[in-house]
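**Q** Before we start, here is the structure in question, set down as structure tokens.
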Amino acid sequence: IARYYRENRTWTPYRRIGKPVREALLATEDHRFYRHGGVDWRRLAGAAWQTLRGHRQGASTITMQLVRNRYDAVAAAPPYERKAKEILMALKLEEAFSKKRILEAYLNTVPFGHGAHGIGAAAKTYFDTTAAALEPARAALLVGMIKGPTRYSPTLHPERATARRNLVLRQMHKRGFLSSARLRRLRAEPLLLDLASSSLDGSPAPFFAEAVRRRVERWAADNGYDVYTDGLQIHTTLDLDMQRAAQAAVRTQARKLQAVAAYEWSRRAPHLLSEHIAPYVRRAKSEPFEPFARLWDERPALARAHLRRTARYRRALHRSSADTGAVVRRLRSDAAFMDSLRRQVARLRAGLVAMTPRTGAVRAWVGGRDFQNDQYDKVGLARRQPGSTFKPFVWTAALNHGFEPYDALRGGELPDPFAARRSRASGGLTLRNGLIYSSNRMARALTRAVGPGAVARTARRLGIESELRAVPSLALGTSEVRLLEMAAAYAPLANGGMRTEPRLLTRIENAEGRPIEQFAPRRSGGAPANPSRERALSRHTAYTVLDMMRGVVDRGTGAPLRSDWRMRGADLAGKTGTTQNNADGWFLAMHPRLVVGAWTGFDDRRVAFRTEHWGHGSSNALRLVGSFLEQVFAAHPNWAEKSFEPPPGYRRPASPPAGGPLDSAYAGYETVGDAYGADPTATDHRLRDAVGQGLDSARYDRVPQSADPEAALRRDLPARADSVQQTPPRGDASARNDTLRRPAPVRRQPPDEGDPDTSQHRAPAPVGAGDLEERAGPRRDDGG
Numbered sequence: 030i031a032r033y034y035r036e037n038r039t040w041t042p043y044r045r046i047g048k049p050v051r052e053a054l055l056a057t058e059d060h061r062f063y064r065h066g067g068v069d070w071r072r073l074a075g076a077a078w079q080t081l082r083g084h085r086q087g088a089s090t091i092t093m094q095l096v097r098n099r100y101d102a103v104a105a106a107p108p109y110e111r112k113a114k115e116i117l118m119a120l121k122l123e124e125a126f127s128k129k130r131i132l133e134a135y136l137n138t139v140p141f142g143h144g145a146h147g148i149g150a151a152a153k154t155y156f157d158t159t160a161a162a163l164e165p166a167r168a169a170l171l172v173g174m175i176k177g178p179t180r181y182s183p184t185l186h187p188e189r190a191t192a193r194r195n196l197v198l199r200q201m202h203k204r205g206f207l208s209s210a211r212l213r214r215l216r217a218e219p220l221l222l223d224l225a226s227s228s229l230d231g232s233p234a235p236f237f238a239e240a241v242r243r244r245v246e247r248w249a250a251d252n253g254y255d256v257y258t259d260g261l262q263i264h265t266t267l268d269l270d271m272q273r274a275a276q277a278a279v280r281t282q283a284r285k286l287q288a289v290a291a292y293e294w295s296r297r298a299p300h301l302l303s304e305h306i307a308p309y310v311r312r313a314k315s316e317p318f319e320p321f322a323r324l325w326d327e328r329p330a331l332a333r334a335h336l337r338r339t340a341r342y343r344r345a346l347h348r349s350s351a352d353t354g355a356v357v358r359r360l361r362s363d364a365a366f367m368d369s370l371r372r373q374v375a376r377l378r379a380g381l382v383a384m385t386p387r388t389g390a391v392r393a394w395v396g397g398r399d400f401q402n403d404q405y406d407k408v409g410l411a412r413r414q415p416g417s418t419f420k421p422f423v424w425t426a427a428l429n430h431g432f433e434p435y436d437a438l439r440g441g442e443l444p445d446p447f448a449a450r451r452s453r454a455s456g457g458l459t460l461r462n463g464l465i466y467s468s469n470r471m472a473r474a475l476t477r478a479v480g481p482g483a484v485a486r487t488a489r490r491l492g493i494e495s496e497l498r499a500v501p502s503l504a505l506g507t508s509e510v511r512l513l514e515m516a517a518a519y520a521p522l523a524n525g526g527m528r529t530e531p532r533l534l535t536r537i538e539n540a541e542g543r544p545i546e547q548f549a550p551r552r553s554g555g556a557p558a559n560p561s562r563e564r565a566l567s568r569h570t571a572y573t574v575l576d577m578m579r580g581v582v583d584r585g586t587g588a589p590l591r592s593d594w595r596m597r598g599a600d601l602a603g604k605t606g607t608t609q610n611n612a613d614g615w616f617l618a619m620h621p622r623l624v625v626g627a628w629t630g631f632d633d634r635r636v637a638f639r640t641e642h643w644g645h646g647s648s649n650a651l652r653l654v655g656s657f658l659e660q661v662f663a664a665h666p667n668w669a670e671k672s673f674e675p676p677p678g679y680r681r682p683a684s685p686p687a688g689g690p691l692d693s694a695y696a697g698y699e700t701v702g703d704a705y706g707a708d709p710t711a712t713d714h715r716l717r718d719a720v721g722q723g724l725d726s727a728r729y730d731r732v733p734q735s736a737d738p739e740a741a742l743r744r745d746l747p748a749r750a751d752s753v754q755q756t757p758p759r760g761d762a763s764a765r766n767d768t769l770r771r772p773a774p775v776r777r778q779p780p781d782e783g784d785p786d787t788s789q790h791r792a793p794a795p796v797g798a799g800d801l802e803e804r805a806g807p808r809r810d811d812g813g
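So for the sequence shown, my numbering puts the first residue at 30; every next one is plus one.
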């Protein structure tokens with residue numbers, strides 16, 4: 030999928046080097062090239078005379094420069110010794126090789142910067158073309174860079190590069206290669222670069238290849254290899270068919286979503302045009318409107334901030350004696366410049382990753398829409414707030430602390446998780462529906478009940494590596510994470526509670542094809558696993574959370590995955606996510622064979638979709654996942670028959686548990702019972718308590734997985750007095766309530782429903798306070 034090298038040394042034969050390149054080189058570097066035998070004695074004598082007068086002047090011919098480029102010993106010699114060696118070896122080269130061979134060798138050995146070595150690589154890198162197709166202006170630019178690839182770099186110093194190009198053009202006119210009229214026309218042309226990646230050009234997975242390179246470089250440093258010179262053959266986990274499907278999904282859906290955002294910010298879109306994307310795409314093609322026309326008008330601070338980051342602003346400020354305000358006003362009056370800047374700021378970004386939950390093997394990795402124009406990886410590098418896609422970790426922590434899927438908010442109160450279960454579902458919004466409809470209030474209540482620290486530890490145990498702030502707003506996804514981490518953290522839910530690290534490599538071979546390193550699945554912490562995975566959750570907890578998340582796709586915020594993308598028969602679970610002011614859209618989906626995650630947004634969080642509908646993760650990021658899965662299922666039709674396997678003894682009642690009528694707005698859904706039956710016995714409660722507490726201790730990986738609860742309890746269950754909270758006696762209800770609602774220190778609390786901004790805070794009320802009362806009827810999503 031890629032080649033790694035420090036320099037692109039594509040060799041271009043003489044017959045494929047265009048005439049303008051040869052003419053530019055001869056006019057600038059050695060116009061008597063065909064009239065000397067390797068040394069221009071007249072020019073050398075003139076240079077010596079100027080040196081004696083104190084004015085340095087170059088006299089090296091193309092042949093002498095070739096000697097210096099090809100032989101390091103000559104280049105490193107003292108000045109007079111170097112010149113003598115250049116003369117002697119140049120004379121020998123002229124005797125041994127033709128002028129064409131010498132020109133060919135010279136143009137293929139000079140560096141042009143940006144990783145390009147030789148005229149063919151330079152033509153591809155700067156203009157995405159061949160050396161034969163270079164016309165005089167482009168040829169003059171590249172030949173001018175030979176004197177100093179960095180000093181005259183068109184990307185780093187465009188004004189300096191333009192001046193150097195024009196000097197070469199004047200020399201071509203002086204030597205008769207250009208007419209006066211053509212010289213005037215070419216000098217007026219802009220640079221018109223068309224930059225291409227030099228090392229990952231043409232790769233079907235450039236972001237993935239770059240991530241592999243970083244990992245292999247670390248491995249090579251530890252094992253005494255050089256990635257760039259040792260000819261290593263690196264085998265990866267990537268599935269090229271899935272990678273192409275992922276790229277097509279990101280490219281196509283991001284383009285359509287770009288049309289939505291462009292129209293929403295135009296002067297013709299005062300409100301939602303449609304909940305379907307086709308009308309926006311049609312208008313983008315047929316109706317004349319200015320995309321993002323209102324962006325600068327409504328976000329003047331945004332315009333000023335991005336303007337001050339441009340090189341043009343810095344140059345104008347350096348050259349002008351005016352204050353910053355005057356420079357900003359002058360640049361803002363340049364409509365073409367501001368339009369170009371607006372297009373850059375208003376470009377939608379997106380990423381998608383897919384991995385196998387059982388092994389952690391990454392199958393597809395698309396870190397952005399266009400690697401050439403934006404190489405910042407949205408899968409493995411970018412960190413953004415995950416919004417409500419973080420909520421499954423809250424619900425997982427709650428289950429580990431004794432809550433059940435059919436526990437409900439009743440009159441604003443959460444039930445005591447240790448109370449008799451028969452009376453726990455007597456009405457209100459259940460935990461199950463709270464996750465399906467993404468209730469922010471329930472997420473807050475659960476976090477306050479179990480503690481933000483428990484939520485953070487659960488997320489960390491599942492695979493989140495980024496820093497997490499253990500505050501109540503963590504429940505709403507306010508700590509920034511990477512897309513790769515989120516996919517990895519969902520994988521244990523789809524894999525019976527077993528966690529594996531995301532895996533990109535399978536093996537590395539030396540230049541002879543002999544394997545020198547095998548990369549088996551690795552558990553967290555980096556050590557090879559034996560077995561190759563580690564337990565993050567009990568099978569029961571993982572499957573219960575997964576089953577609740579099936580409801581998200583079946584009838585919750587992720588329902589468009591079935592209705593719009595022909596996923597009706599597949600066993601799927603997932604979660605949407607949307608952050609403050611629609612800055613980020615997320616969707617993660619789980620299938621027995623794949624975990625897929627997608628993110629959409631803009632580099633600057635102040636730019637976002639204007640309407641609530643299109644700003645929601647179910648309307649943007651879900652489209653990328655749906656498009657990808659539709660292609661994958663078409664290629665693997667038998668995958669639609671694959672189902673998640675429940676743990677041994679797991680029973681799912683077909684109707685709500687007995688004990689009271691559920692709120693009518695939520696009646697009719699299937700509920701998830703306990704692993705050992707809907708009517709728990711004392712043994713069930715004791716096992717549940719042991720599992721829930723054991724998972725929150727340092728010994729969670731030793732919790733037994735058995736279909737026989739009595740047999741499990743007879744084993745030596747892990748229990749440490751310093752790490753496992755003890756449960757009060759079952760008969761003492763007041764003590765149990767005290768355990769659940771023990772006094773907590775004042776914590777920072779998000780001010781409003783669906784608002785992760787914590788700039789204003791209040792002390793949290795005890796769990797069960799009246800502010801937790803839910804509105805009647807299921808919400809589509811109140812937190813993303």
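We treat Cβ as the ideally placed atom computed from N, Cα and C, and that holds for glycine.
Do T41 and G149 come within 9 Å of each other at the CB atom, strictly closer than that value?
**A** Yes, these two residues count as a Cβ contact at 9 Å.
**Q** On the CB-based measure, 16 or more other CB atoms within 10 Å of its CB, does S592 come out buried or exposed?
**A** Counting Cβ neighbours within 10 Å, S592 comes out exposed, since fewer than 16 surround it.
**Q** With which residues is V625 paired in a DSSP beta bridge?
**A** Bridge partners of V625: A383, A618.
**Q** For E538, which beta-bridge partners are listed by DSSP?
**A** For E538, which the question treats as bridged, DSSP gives the partners Q262, P544.
**Q** Residues in the same chain with beta-carbon distance under 8 Å from L207, minus the five sequence neighbours each way, listed in chain order, please.
**A** Once the five neighbours on either side are set aside, the close Cβ partners of L207 are P165, L198, M201, L215.
**Q** Which of helix, strand or coil does DSSP assign to R511?
**A** Reduced to three states, the DSSP call for R511 is strand.
**Q** Would you please state the rounded distance, in angstroms, between the beta carbons of A125 and F141? I believe it to be under 8 Å.
**A** So it is not a contact: roughly 27 Å between Cβ atoms.
**Q** Measure how close the beta-carbons of P183 and L170 come, nearest whole angstrom, since I'm counting them as under 8 Å.
**A** Confirmed, about 6 Å.
**Q** Check T179 in the structure and name its three-state DSSP category.
**A** Of the three classes helix, strand and coil, the one that applies to T179 here is coil, per DSSP.
**Q** Count the other CB atoms, across all protein chains shown, that sit within 10 Å of the CB of S648; report buried if there are 16 or more and exposed otherwise.
**A** Under this definition S648 is a buried residue.
**Q** Roughly how many angstroms separate the alpha carbons of G396 and K112, rounded to a whole number?
**A** Distance between the alpha carbons of G396 and K112 is about 50 Å.
**Q** Are Q606 and G644 close, meaning C-beta to C-beta below 9 Å?
**A** Here residue 606 is Gly; the residue named in the question, Gln, does not match the sequence. No. Outside cutoff.
**Q** With DSSP collapsed to three states, give me the class of P675.
**A** The answer is coil: DSSP assigns P675 none of H, G, I, E or B.
**Q** What separation, rounded to the nearest whole angstrom, lies between the Cα atoms of L267 and R243?
**A** Between L267 and R243, the C-alpha separation is close to 16 Å.
**Q** Pick out whichever of R61, A160, L301 has its Cα sitting closest to the Cα of G47.
**A** Answer by Cα proximity: A160.
**Q** Just the C-alpha distance for A190 and R32, rounded to the nearest angstrom, thanks.
**A** If you take the alpha carbons of A190 and R32, they lie about 30 Å apart.
**Q** Spell out the partners DSSP gives H305 in its beta bridges.
**A** In the DSSP output, where bridge partners are listed per residue, H305 has none listed.
**Q** Going by the CB atoms, is the gap between G678 and V382 shorter than 9 Å?
**A** Cβ atoms of V382 and G678: not closer than 9 Å.
**Q** Excluding five sequence neighbours on each side, which residues of the same chain lie with their C-beta closer than 6 Å to the C-beta of W594?
**A** Here the set comprises G655, E659.
**Q** Under the assumption that M527 contacts P521 (Cβ atoms under 8 Å), give the Cβ distance between them as a whole number of angstroms.
**A** With 8 Å as the limit, M527 and P521 qualify as a contact, their Cβ atoms being about 6 Å apart.
**Q** Check for me: the alpha helix (DSSP H) holding R141 runs from which residue to which?
**A** Sequence check: residue 141 is Phe here, not Arg. That residue, F141, is in no alpha helix (DSSP H); its beta strand (DSSP E) goes 140-142.
**Q** I want to see whether chain D comes within less than 9 Å of D613, judged by CB atoms only; does it?
**A** In the structure shown, chain D cannot be found, because there is only a single protein chain.
**Q** Count the other CB atoms within 10 Å of the CB of G697; is the residue buried (16 or more) or exposed (fewer)?
**A** Unreliable placement is indicated for G697, whose pLDDT of 32 sits below 50; the coordinate value is still reported in the next sentence. G697 is exposed by the Cβ-count criterion.
**Q** Name the two residues that bound the continuous beta strand (DSSP E) containing K604.
**A** Start and end: 602-607.
**Q** For a test of the three-state rule: what should DSSP assign to D399, helix, strand or coil?
**A** The answer is coil: DSSP assigns D399 none of H, G, I, E or B.
**Q** Mind checking whether G380 and K407 have CB atoms under 9 Å apart?
**A** It is a contact, given that the beta carbons lie within the stated cut-off.
**Q** Tell me where the alpha helix (DSSP H) around H569 begins and ends.
**A** Its alpha helix (DSSP H) spans residues 568-584.
**Q** Alpha carbon to alpha carbon, how far is V574 from G585?
**A** Going by the C-alpha atoms only, they are around 15 Å apart.
**Q** Flag this pair as yes or no: are the beta carbons of I537 and H264 separated by less than 9 Å?
**A** Their beta carbons are under 9 Å apart, which means I537 touches H264 by this criterion.
**Q** Rounded to whole angstroms, what's the CA-CA distance from A313 to R371? Just pull it up for me.
**A** For A313 and R371, the distance between alpha carbons rounds to 17 Å.
**Q** Relative to the C-alpha of D368, which candidate in V96, H335, L617 has its C-alpha closest?
**A** It is H335 whose Cα lies nearest to the Cα of D368.
**Q** For R378, which of R412, R361, V391 has the nearest alpha-carbon?
**A** Ranking R412, R361, V391 by Cα distance to R378 puts R412 first.
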